[in-house]
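Colleague:
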Amino acid sequence: MAARIITVAQDGGGDYKTVQEAIDAVPLGNTLRTVIRVSPGIYQQPLYVPKTKNLITFAGLCPEDTVLTWKNTATKIEHHQASRLIGTGTFGCGSVIVEGEDFIAENITFENSAPKGSGQAVALRVTADRCAFYNCRFLGWQDTLYLHHGKQYLRDCYIEGSVDFIFGNSTALLEHCHINCKADGFITAQSRKSSQETTGYVFLRCVITGNGGSSYTYLGRPWGPFGRVVFAYTYMDQCVKDVGWDNWGKCENERSACFYEYRCFGLGCCPSRRVTWARELVDEEADEFLAHSFIDPDAERPWLAQRMAKKDKRRGKALAVVAILFVTKKLRALKFFGLIPENVKQTVCVDRKFYKPSTFMGEL
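Our numbering applies: residue -7 is where the sequence shown begins, and numbers increase by one.
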C-alpha cells in the first residue's frame, strides 16, 4: 500500500506550516506509513509524536537545511500548549519527543539550542520500538540524544555533545556515525539495570572526533549498574582518555558494567591503558554485536527498509569521512575496515601497529 504524503513548508506552500500540525493531522491508531516531507527551514517548536500515532516518517532534503529546534532544559520546560507537557526533568525536556512506534527520520537535524552550561537539554528522546534514523544530525551539549526505550538504528548520523550525550536504556546500533565531543565529559551513559536485559549500545565503524584537545572525554560511564556499550572498528582521535571508561564514582559498577571494544584504532585507542574492568572482545564474542541481528533477531527486519526521503542531488557523502581498508597477513581484506575523518592523513594505529590507510570509495 502506498504511503500517505503530507508536506510542511513555512511559506505556506505545503499542506501545513508547522511540523506539529502535520503530526496532529495523522489519525489516531494510524496503520499506514505517513511521510511528513519537511521543506528546508529552521522550525522552532517543540514536537511530540504520541504513542497513538505510529508509522510516521520525517523526511527532509538535507539535514543542514532542515532543522527542528527548541531550547528546553530539565529545569525549564516550555511547550506551546500545556497539554503537550510530556513528563518533567530530563525525560520531558526533549526538543522532539517520539513515542510512536516504527518512526523514521531521514535528512533531519534535531537540535536543543540551550547554551553550554544549561544542564540536561535533550534534542531528541525516543521511547518507542523499531525507530530508524538516516543521515540525521543531533545537536546539543548535555544529554543530546536520549535513546530511552525500544530498538533503534542510526546510520550515517552526526551526534555532538559533551556530557552523557548518548544515553538511556534502549537497544541501539549506531553504524557509520560521527560522534563529536565538544568539551570534557562522557560520550555514553547506558542504563541497563540487570544482566538479563538485552539492551545496550553498539557503535559499529564510527568516528569519534573532538575539539583539537587531548585526553578530555570518556567513552562512557554506567548510568545503570549493568550498562552495556560496545565500540567496534571505530576510529578514536586523541580526545579520548587513555583509561577509556569511568565508573560514575561507584566501585561496585566495575563488577557489573559491560564496556567493550573491538578492533578500534586511532590515537585515542589505547587497549593497554584502559581501566582493568573494561576489555577487548575476542572474535567469537564480538560476532553478536556486528550485525543488525543485535537490535532485531527477525531476519527480514522490514522496519529498516522503509526509507522515503528524496535525494538531494547537491549532496555528496553524508559525512566527512572515508573508508580505510587494511590488508595484512593476519587480517582478511574487506573484513577489517573502519572510518576516519577525511582530513586525517597520517598513519593510524591498529592492534598497536601503524598502517597507512588507503581510500575505499565503494558503498559501505
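Beta carbons: idealized from backbone N, C-alpha and C, even for Gly.
How about D148 and W295: are their beta carbons less than 7 Å apart?
Modeller: No, they are not a contact pair.
Colleague: Is R220 helix, strand or coil when you go by DSSP?
Modeller: R220 falls in the strand class under three-state DSSP.
Colleague: With DSSP run on the structure shown, which of helix, strand or coil describes H71?
Modeller: In the structure shown, H71 sits in coil (DSSP, three-state: anything other than H, G, I, E or B).
Colleague: Taking CB distances under 7 Å as the criterion, tell me whether Y193 reaches chain B.
Modeller: Although the question refers to chain B, the structure presented lacks it and comprises just one protein chain.
Colleague: Which one or two residues does DSSP pair with F195 in a beta bridge?
Modeller: Partner(s): L166, F223.
Colleague: How long is the line joining the alpha carbons of Q144 and C256, rounded to whole angstroms?
Modeller: Cα to Cα, Q144 sits roughly 23 Å from C256.
Colleague: Less than 7 Å between the beta carbons of F50 and I34, yes or no?
Modeller: Contact: no.
Colleague: Can you name the start and end residues of the alpha helix (DSSP H) that T82 belongs to?
Modeller: Looking at the DSSP string, the run of the alpha helix (DSSP H) that includes T82 is 81 to 84.
Colleague: Less than 7 Å between the C-beta atoms of L139 and S162, yes or no?
Modeller: Yes, Cβ-Cβ distance for L139 and S162 is below 7 Å.
Colleague: Quick one: any contact between the segment 259 to 269 and the segment 279 to 286, if contact means 3 or more CB pairs under 8 Å?
Modeller: Taking 8 Å as the limit for Cβ pairs, the verdict is that the segment 279 to 286 does not touch the segment 259 to 269.
Colleague: Can you name, in chain order, every residue of its own chain whose Cβ lies under 6 Å from the Cβ of E167, other than the five neighbours on each side?
Modeller: Cβ within range, chain order: R147, L196.
Colleague: Evaluate L24 with the Cβ neighbour count: other Cβ atoms within 10 Å of its Cβ, from every protein chain shown; 16 or more gives buried, anything less gives exposed.
Modeller: When all chains shown are included, L24 counts as exposed.
Colleague: Can you list, in chain order, the residues of its chain whose CB lies under 6 Å from that of A(-6), leaving out five sequence neighbours each side?
Modeller: Around A(-6): no qualifying Cβ.
Colleague: Can you list, in chain order, the residues of its chain with a C-beta nearer than 8 Å to that of A290? Leave out the 5 residues immediately preceding and following it.
Modeller: Note that residue 290 corresponds to Asp in the displayed sequence, not to Ala. For D290, where only same-chain residues beyond five positions count, there are no Cβ hits under 8 Å.
Colleague: Please classify S87 as buried or exposed, where buried requires at least 16 neighbouring CB atoms within 10 angstroms.
Modeller: Label assigned to S87: buried.
Colleague: Rounded to whole angstroms, what's the CA-CA distance from T26 to K108? Just pull it up for me.
Modeller: Those two C-alpha atoms are separated by around 36 Å.
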